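Working notes, beginning with the structure itself.
Residue numbers (the working numbering), protein chains in the order written: chain A, -13 to 307; chain B, -13 to 307; chain C, -13 to 307; chain D, -13 to 307.
In C-alpha cells, the structure reads:
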C-alpha cells in the first residue's frame, strides 16, 4: 500500500446549499494559500475548467509549484453550468452531448499538462427525477459511447467514473458500484475505471470495503474520495466521525489489495473552517492507518476467518479498553 | 372542508443547490408578475424579511392588491443568513437567540399588517450534524422558552412550527410530527400549532394523513405545505407525481377533519419552469379533490372499515379501468 | 410482449416472521387446491426440494396436470435449512459450498423434468451482518466459480441470479442490478441471467424499469417477480398498492423491450387471505397493462421525449379525471 | 447513574424469521440455565404470559431465585398470537381490544408478584400496511383510552410504551419518541412512560441520546433496550458493533440525566450463540461506560460546548491513538 492525501480544491471557495451561502468565493491564489495550511496534504483535486482552465493554466502551474502540490485528480465540470442540468454525456440533445464529450477530452489533455493521472467523470445531472422522464435505453447507450470516445482520446490518462446514487438528480444513472463497474467493463478500455467515494458507497447501502474489492478484482479502482455520513445522504462529514468500524475495515482492505494512489478529501465544511476540517480528516485517516498496525493485520485476519461476530467485535472493542 | 391554494413566493426568485444555480434572482415586481400567471393560486407564502420587509411593505401590499393575492403564510427567515447556521431559537449564544426571538415577534406584527393569519417557524439550522455536538437538554429548553415568548407577543396571529427531519442539518430538533406536537403542547398556548409539509412527513416515514389527524386531535393543524418525494429526502417534486395513493388518502382526511385553510405549494423547480410546475401541481390537487367525489366518501369509508387490503386496493384501482 | 402470470407456491403454505405464525403449513395437495382458485394464474413458482423433490415428483407432476399449471420458475432452497445460514455458494466452508452446488445442479435436472425453463438462485444468506465479517475477495471468487459450475452443468436450463440488497443478512453480496449483471457477465455463459424482483429494485433505490432495461441490453433478463413496498424493505405488498406510476412505467418498458416470459407474484399475505391477495395482484397487473393501451404508447412516448416533468405528470394524471 | 444489565429471556428460546429457524425452542429451565451463563446479567426481561404465566409462576419464581435473577422487565404478549395481527389496544374490534386490556392488567398484577417494576407495551401489530387501511382518529383515541385504563389499574407498577417505527407492520402507530411521549403526556398518569430501544431510535433516524433527554425532561424514561443496527431496520446486532460514537454519547447522557435503571439486551442471535452474543454485548457496554471515565466527562463537556465538529472529533479519535 502506498497512499497520499489529497484535498478538493473547491473546499476553499464558495460553499452553499439551497438555503444559505456558508463560505464566500475566493481567488485562485487565496485558495492555494488556504489549502497549503493543511499539513499532510500533498495533492489538490480540481474541477476543470472551473478552478483552472487553459486561460490560467500557467498561473495554476506556478502556484502548484510554489505550494508544492501535485494534482491528485481532476473532475470535469459537467454539473455547475445550467446547460448540463438535463444531462451531459447521456443527453438526448446531441449538441449538448458532443459538447460534454469535447470538454472531457480537453480535460484529459489538461490533465496530462498538469501531471494529473486520473480524470473523474461525475455525472450528477445524468439521471432523472420522475418516472417516465428518461429513455433508459438510449441514455445508457449514450453513456457507453460517450465514455468510450473520451477514453479513446488518449490512453495515457485514466478516466474514472464516479458513482453516486442521487443528488442533484433524485436518480443518477451511474449510481452504484455495480453499475459503474458494468459500464467500465462494457467500454472495455484499460484506462476506464472508477472513482470510489466512501460516502457514496455508504448511502447506496454498500460496504465500502466490499466495493473497492469488487473494483480491484477487475483492475478498475482508480481513485478514492473520503468523507462520512449517516447512510442516508451525501452529508460529506469529517472522516470517521460517524462510522468508525467501516472506516477501519477500509484501511485493512487498502492494504490487502495493495492500493497505491490518492485518498482525496471530498468533505463539505458547511459550518466548519475548511482548513481545520481537512486537517482533522487527515489526522483521522492517519489514526486509522496506524490503528491497523496496533491491532495487527494477523489479528484482524484471524478474527475475520472465524466469521463470528462476537469474536470480531471483541477484537475491535479491545482497542478502547 | 374549505381549501384555498397558495404558492411559495420564493419559487419565482433565485433557486440553487450545492452545484448549480437553476434560476436567477428577480425583483419583487417580477416575482409577482410570474406568480400571477398561476391560475387558481389565491395566496402567496413569503419569507420575512427577505421577500418583503418593513422597508418595502407598502410596495408589497400594493402589489398584493394589484394581483389579487392574499398572504397565505409567512416564514421567518431564521435560515438564509450566516448568523443562524449554528442555530437560532435554540442557540446556546444568548445574543443570537434574542435576535431570533425579536425578529420572529416583528414577523407576527408584519403578518397582522399584511393580513396573514399564520407565521411559520421553520428552524432548519436548529439541530446538529455530529454526535456530541448538541446539548439536547439546553437546546430543547431554549426552544420551548423561545416559542412561548414569541407566541405570547400577540395572540391574534398563529405561530406554526414546521417540522423537518433533516436538511440543512443532518438532524433537526423539530423533526417529526410527534416532536412538533409535543413542543406545541408543552408551550400550551392556543396560538401555537404546526405547519405540516406533506413531503417532510413522507421522508420521516410518516403517513401524512395520520400526521394531520394527530394534529387535528389537539387543534394544532395550522397550515399545510404540498410537494412529493421518494420518502428519502425533501426533493420537493410535483404534487402526486410519485405517491398517488397517499395523496388521495390525504384529501379523504382533509374532508373528514373538515380542514379550512391553505394548501400551499412548497415545490422546487430545479429543472422546471416555476409557473408551469405550480400550475401542474394545483391541477393535480384539484384532480385529487374531485377524485374523492368520483369514488365517493362512502365507498372509501366502507373499504376502510374492512381493514382488508385487497378490498381497499380494488376500490382504488377501479378508477383506472 | 407476451406475458403470463405465475404465483409463488409457498404463499399457500406456512407463513411467519420473527413474531407470529400467520398461516399454517399445508399439504402439497391443499396448496394446489388453493392456488387453483386464483383466476388468471397459469404458472407456479416452487422452491426445490422443499416444495417438491425427487421423492414426490410424480405426485407433483400429476397435480400440475390436474390443475393445469405450468412451472413458471424454480428457486433452489439455499436458505431454509440451518446449514446455509452462513452462506452457500460463497461459503468459505468448501463442504457446504459443494453441497450447495450439487443441490443447484440437481435443481436444473429437476427443472428439465417438470418443464421449467428458469431456475432462480436467490442467495439470501450469502453476505454479512458486520464489518470485518466477510472476506469479500474470496466470497466473490467463490460465487463466480459456483455459478459457472452450476450453469455449465447443462445449457438447456436458464440460471437466474435474484438480487436483493438485504434480508435475511444485513448485506447480501448479490444486492443490486449492477452487481448481479456484473456477475452474470463475468461468468459469461449464455444461460446465466437475472431474476428481477420489482420490490427488491425499489428498495435498492433503483427504478425497476431502468433495471430491466439494463438487463435487456445484455440479454440477461430471465424472470420477473412482482410485489410492492415503501422503498425501505421487502414488504411484499399487493402489486401497485403503493407505487402506481413506477408500476405503470414498468408495463411501458415491458412492451418496449418486448418481454416474453412470466410475471410471477412474490407477495406475502401476512394478514391477508393468500388467494384473495394473489387474485387482487393479478387484477391490478391486468389493469396496468390495459392502462397502457388506454393512454397509448405514442402518447407516453411523446411525453417522455419532452423530458418535462409537468408534461409527463399531466399525461398521467389525465387518466384520473 | 445506577445501571444494571438485563437480558431478554426469549433470546434463549426459538428464534426464527421468514426464511429460517435459527434456534430451537427450549424449556423454561433450559432457558434459565443458558441465561445464567451470561456474566454480569442481573435481570431477565420476559414476555407474559408466553414465557411465564399464572400457571407456572411458582416454577418461574423458584428458578429466578435459584439463578439469582431479578425480573428487569415484562412485555405483554400482544404480538405472538394470531388474534392480535390486526391490532390489540387500538383494535376496531371492541372484543379484541378488551381482551388486550385485560391481559395487560393481568400483566401488571403478575409484575407485582414477581417483583418487576415496569411492564412494557410494545404494540407491533397496532398500525397499518397500506394507505386507507386505518382509521387514524379512532385508532389513536382507542390507544389513549386503553393505555389509560391499563395504567389506572394500579399505580404501583410502571407502564412503559415501547415505540418502533415499523415491523411487523409497515407503519406502527407508536413509532417515534415524539409520538410515544405525546401519548404518555395525553394519558397524563404518573406511571405511564416510555421504553426506549436504542436501535428503534436509530432507525427512526433519531439520535438516541436526544431521545432519552426528551423523555427525561418529562420524567417518562422508564426503561432502555440495547442493540445496534445500520439505521435502516431493527437488525438487533451486538451493542456498539456498528455505531460506536452514538453509543458512547449515550453513556455520557445516561450520567448527565442520572439514569437509575436497567439496560436490557434486545439483540437477536440469528447466526450467533445467544450466550456469547449477550456476553459480548454486556462487555461492550462496560467498555463504553469506562471509556467515559477515561476521556473524562469534563473533557467531553468542553468539547461539546465548542459545538465545533473538528474539536469534538479530535477528542473522540484521541482514544484510538
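Every residue gets a Cβ at the ideal spot worked out from N, C-alpha and C, and that includes glycine.
The structure presented is a predicted model; accordingly, all values stated were derived computationally and were not measured.
Beta-carbon proximity check, residue i vs residue j, cutoff 8 Å
i, j, result
"residue 36 (chain B)", "residue 60 (chain B)", "no"
"residue 227 (chain C)", "residue 116 (chain D)", "yes"
"residue 13 (chain D)", "residue 30 (chain D)", "no"
"residue 106 (chain C)", "residue 181 (chain C)", "yes"
"residue 24 (chain C)", "residue 268 (chain C)", "yes"
"residue 254 (chain C)", "residue 1 (chain C)", "yes"
"residue 229 (chain B)", "residue 214 (chain B)", "yes"
"residue 147 (chain A)", "residue 158 (chain A)", "no"
"residue 277 (chain D)", "residue 306 (chain A)", "yes"
"residue 198 (chain C)", "residue 231 (chain C)", "no"
"residue 237 (chain C)", "residue 274 (chain C)", "yes"
"residue 6 (chain D)", "residue 83 (chain C)", "no"
"residue 256 (chain C)", "residue 260 (chain D)", "no"
Residue i, DSSP secondary structure in three states
i, result
"residue 275 (chain D)", "helix"
"residue 11 (chain B)", "coil"
"residue 142 (chain D)", "coil"
"residue 66 (chain A)", "coil"
"residue 180 (chain C)", "strand"
"residue 119 (chain B)", "coil"
"residue 223 (chain D)", "strand"
"residue 0 (chain A)", "coil"
"residue 307 (chain B)", "coil"
"residue 71 (chain A)", "coil"
Beta-bridge partners of residue i, as assigned by DSSP
i, result
"residue -6 (chain D)", "D:31"
"residue 158 (chain D)", "D:113"
"residue 106 (chain A)", "A:61 and A:146"
"residue 212 (chain B)", "B:251"
"residue 296 (chain C)", "Looking at the DSSP assignment, residue 296 (chain C) forms no beta bridge with any residue, so it has no partner."
"residue 361 (chain C)", "There is no way to answer for residue 361 (chain C), as the model of chain C reaches only from -13 to 307."
"residue 207 (chain D)", "D:180"
"residue 56 (chain C)", "C:29"
Contacts that residue i makes with chain B (C-beta to C-beta distance below 7 Å)
i, result
"residue 216 (chain A)", "156"
"residue 262 (chain C)", "296"
"residue 289 (chain D)", "118"
Under 9 Å by beta carbon: chain B residues contacting residue i
i, result
"residue 3 (chain A)", "2, 3, 4, 153 and 154"
"residue 266 (chain C)", "295, 296, 297, 299, 300 and 303"
Chain-ordered neighbours of residue i on chain B, where CB pairs are closer than 8 Å
i, result
"residue 71 (chain A)", "6, 8, 256 and 257"
"residue 212 (chain A)", "Chain B residues near residue 212 (chain A): none, gap ~16 Å exceeds 8 Å."
Within chain C, the residues that residue i reaches when beta carbons sit closer than 8 Å
i, result
"residue 231 (chain B)", "227, 228 and 230"
Per-residue contacts from residue i into chain C (C-beta, under 7 Å)
i, result
"residue 298 (chain A)", "116, 118 and 119"
Partners in chain D for residue i, counting only beta-carbon separations shorter than 9 Å
i, result
"residue 223 (chain C)", "115, 116 and 156"
Contact list for residue i against chain A, beta-carbon separation under 9 Å
i, result
"residue 78 (chain C)", "291 and 293"
Listed by chain order, chain D residues near residue i by CB distance under 8 Å
i, result
"residue 181 (chain C)", "Neighbours of residue 181 (chain C) on chain D: none; closest Cβ ~17 Å, over 8 Å."
"residue 12 (chain A)", "Per Cβ cutoff of 8 Å: no residues; residue 12 (chain A) is ~20 Å from chain D at best."
"residue 277 (chain A)", "306"
Residue i Cβ short of 7 Å to the ligand PLP heavy atom set
i, result
"residue 151 (chain B)", "With respect to small molecules bound, the structure shown includes none, and the ligand PLP cannot be examined in it."
Partners in chain D for residue i, counting only beta-carbon separations shorter than 7 Å
i, result
"residue -1 (chain B)", "Here the premise fails: no neighbours, minimum Cβ distance about 31 Å."
"residue 165 (chain B)", "164"
- Do the region 130 to 145 of chain B and the region 233 to 253 of chain A meet, that is, are 3 or more Cβ pairs less than 8 Å apart? no
- Indicate whether the contact test is met: 3 or more Cβ pairs, each with one atom in the region 0 to 20 of chain B and one in the region 48 to 55 of chain B, closer than 8 Å. yes
- Message: With three or more C-beta pairs closer than 8 Å as the rule, is the region 175 to 191 of chain D touching the region 213 to 230 of chain D?
- Response: yes
- Decide if the region 155 to 169 of chain C is in contact with the region 166 to 173 of chain A; the criterion is three or more beta carbon pairs, one per stretch, under 8 Å apart. yes
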